[in-house]
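Residue numbers (the numbering used here): 39 to 518. Beta carbons: idealized from backbone N, C-alpha and C, even for Gly.
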Amino acid sequence: MTTASTAHLGWRVRLMFAFGQIPEGVQSTAFGFFLLFFYNQVLGLSGAYASAAIVIAQAIDAVIDPIVGNWSDRTRGTWGRRHPFMYAAAIPFAVCFYLLFTPPPGLPQLELFLWLVVFSTLTRATQSFYSIPHTAMTAELSMEYHERTRLSALRSVFGSVGTLMVFLIGLQLYFRGTPEYPNGQLNPEAYPLFAATFAVVLVVGIWISALGTHSQIPYLPQATTQPSRFSVLQVLREAGQAFALRSFQVIVLTAVLWGMTMGMVSALSIYLGTLYFQFSLQLIGLSFPASVIGGFLGAALATPLARLVPEKKTLYIAGLVWYGLWNTGPIILSLLGLAPDPGDMSLFYLVMTANAVSAMGIGLLGVMQGSMIADITDEHEARHGSRNEGIYYAAASFAAKAIGGFGVIISGIVVDLAQIQRNATVETISAESLRTLAFAMGPGVLIMIALTVVVASAYQLTRDEHTRIRRAIDAVHQPT
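Here is the structure:
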């Protein structure tokens, strides 16, 4: 029988739980904005090979996620279902992250490709052993509709802190320009220090969150199935139960489309900023944190907005539309000849403002997605009588990673189609290459966002329906 948490959540527990999103913000930012650039521009791995390696790792990790979710859901012990995984994953996650950014020098293409496949896979897999149990706690720390939105918002805020740390420390400290490397991001000697610093951040962030929420273990739902040996069929059965829910199908498909979009945008942003807009790395170092702050504000506004707007779907779609219009605006204006010239400071202020404002949409929709999945786990309990938070967050992650990775493939194809060569500069790149890049990041992104909005509009789990589901569950668990 499920033991629902009824203990009052103080701010210390809320903040310690959310603090655990910093490592995930660090990893996702390092992968999204630096990994493809590092292997392609610094180490010389072709764009197609580099993106293919990243996607292979993502697909393998996608298979691992449901296994971890099922394993965590079924774990019994003094430390509950989630914390053993969180404690154990910290050091392997950090070590693999460091090795990913420190391949042996001089590797030929095939060996460099294999290094990227192996260590990006291991980094993602070890992260999953932490992130799936940690994220599942969003639905377990509270059963209350708006409290879950608050927890998701706090997670998003601290994830933005992790992202901001990567940009500020990375671009302003390790990737500063030198006489030999005016674009400091092309300096191969900067990456080992960058990786070592954030490997430490990963360990510290995970352990602080695990220790800070350890006191809640007695109040968290415990495993509702009898202990048994691991079974692939059991994982598939539980994943099948999850995907049988219409609301979950919609959330997963929107996550896939959104993941594809953001995978492409993240991987190509450095190319767009340095080559198309002709911003210096120092200016980019200012622009990205502005976006992070925008995401921070969007996440912070999610909770009060959720009390004003009754349906989470409405806010989710609003976040998508807001992001799409603001993010692509400067690029489309530039293609139409209506924006300032490349390299002009007025263009920089326009792009920085648009990025910051668009990121508010990312913060808002990220919070809504996490909160909506938490509500769907209640729908599962009402139908099947068991709590499987881990398998739901893992299944959503599985689909987003397995298919959403095509966004990274698209970015690699764009790099190759645009014929962006290794160590490309403003002086060496052609106008046609720049147009190809801009069309992908402007109209291309807007089309993908529009498709995501169409799918998201099919979500049907309303607040009233969730209230009815919670009352039915609570009635079952009331003592007779």
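Determine the extent of the alpha helix (DSSP H) in which residue i is found, giving its start and end residues.
i: T474; result: A469 to F477
i: N393; result: M383 to H422
i: V364; result: Correcting the residue identity first, residue 364 is Trp in this sequence and not Val. Its alpha helix (DSSP H) spans residues K350 to L373.
i: H121; result: H121 to L138
i: Y212; result: First-last for Y212: undefined, no H or E at that position.
i: T175; result: For the sequence presented, residue 175 should be read as Met rather than Thr. From DSSP, M175 is part of no alpha helix (DSSP H); its letter is neither H nor E.
i: A298; result: Looking at the sequence provided, one finds Met at residue 298 rather than Ala. Its alpha helix (DSSP H) spans residues R284 to Y309.
i: E182; result: That residue, E182, is in no alpha helix (DSSP H); it is neither H nor E in DSSP.
i: L324; result: L319 to L346
i: E62; result: Q59 to T67
Under a three-way DSSP split, which group does residue i fall into?
i: G243; result: helix
i: A45; result: In this prediction, A45 scores a pLDDT of 47, lower than 50, which makes its location untrustworthy; the coordinate-derived value is nonetheless stated afterwards. Coil.
i: N78; result: helix
i: Y497; result: coil
i: D519; result: Outside the shown range of the chain (39 to 518) lies residue 519, about which nothing can therefore be said.
i: R114; result: coil
i: T251; result: coil
i: D502; result: helix
i: N225; result: coil
i: M39; result: With a pLDDT of 36 at M39, under the threshold of 50, the predicted position of this residue should be treated as unreliable, though the coordinate-derived value follows. Note: M39 maps to coil in three-state DSSP.
i: I458; result: coil
i: Y219; result: coil
i: P481; result: helix
i: T490; result: helix
i: A513; result: helix
i: E465; result: coil
i: S166; result: helix
i: L152; result: helix
Taking the Cβ atom as the reference point for each residue, do residue i and residue j lie within a distance shorter than 8 angstroms?
i: G222; j: V64; result: no
i: L472; j: Y314; result: yes
i: S247; j: I170; result: no
i: I255; j: T159; result: no
i: G333; j: W360; result: no
i: V452; j: L306; result: yes
i: T187; j: S409; result: yes
i: A328; j: N393; result: yes
i: K350; j: M300; result: no
i: L291; j: G357; result: no
i: H353; j: V347; result: The question names His, but residue 353 in the sequence shown is Leu. For L353 and V347, yes; Cβs fall inside 8 angstroms.
i: A128; j: L240; result: yes
i: P230; j: T173; result: no
i: Y497; j: S285; result: yes
i: F236; j: V195; result: no
i: D413; j: L324; result: no
How big is the Cα-Cα spacing for residue i and residue j?
i: A191; j: R52; result: 11 angstroms
i: W245; j: T251; result: 10 angstroms
i: G311; j: G197; result: 23 angstroms
i: F76; j: L319; result: 15 angstroms
i: S166; j: S396; result: 28 angstroms
i: V330; j: M181; result: 29 angstroms
i: T341; j: L145; result: 49 angstroms
i: G423; j: S89; result: 42 angstroms
i: T490; j: L374; result: 25 angstroms
i: V294; j: P217; result: 43 angstroms
i: A510; j: F386; result: 54 angstroms
i: Y136; j: V238; result: 9 angstroms
i: L47; j: L179; result: 8 angstroms
i: Y257; j: G118; result: 10 angstroms
i: R506; j: D512; result: 10 angstroms
i: L283; j: Q79; result: 44 angstroms
i: G445; j: M302; result: 5 angstroms
i: H121; j: Q272; result: 22 angstroms
i: I545; j: Q316; result: Lying outside 39 to 518, the shown extent of the chain, residue 545 is not represented and no answer is given.
i: V514; j: E417; result: 14 angstroms
i: M39; j: H504; result: Because the pLDDT at M39 is just 36, under 50, the model does not fix this residue reliably, and the value given afterwards should be weighed accordingly. Roughly 21 angstroms separates the two Cα atoms.
i: I485; j: F72; result: 25 angstroms
i: T41; j: Q260; result: In this prediction, T41 has a pLDDT of 42, which is less than 50 and means its spatial position is unreliable; nothing more can be read from the coordinates.
i: G70; j: I411; result: 24 angstroms
i: T161; j: L138; result: 8 angstroms
i: I308; j: F281; result: 36 angstroms
i: I448; j: A344; result: 34 angstroms
i: M298; j: R421; result: 31 angstroms
Can you confirm whether residue i, when its beta carbon is compared against all beta carbons of chain B, has any partner nearer than 8 angstroms?
i: D512; result: No chain B is part of this structure, which consists of one protein chain only.
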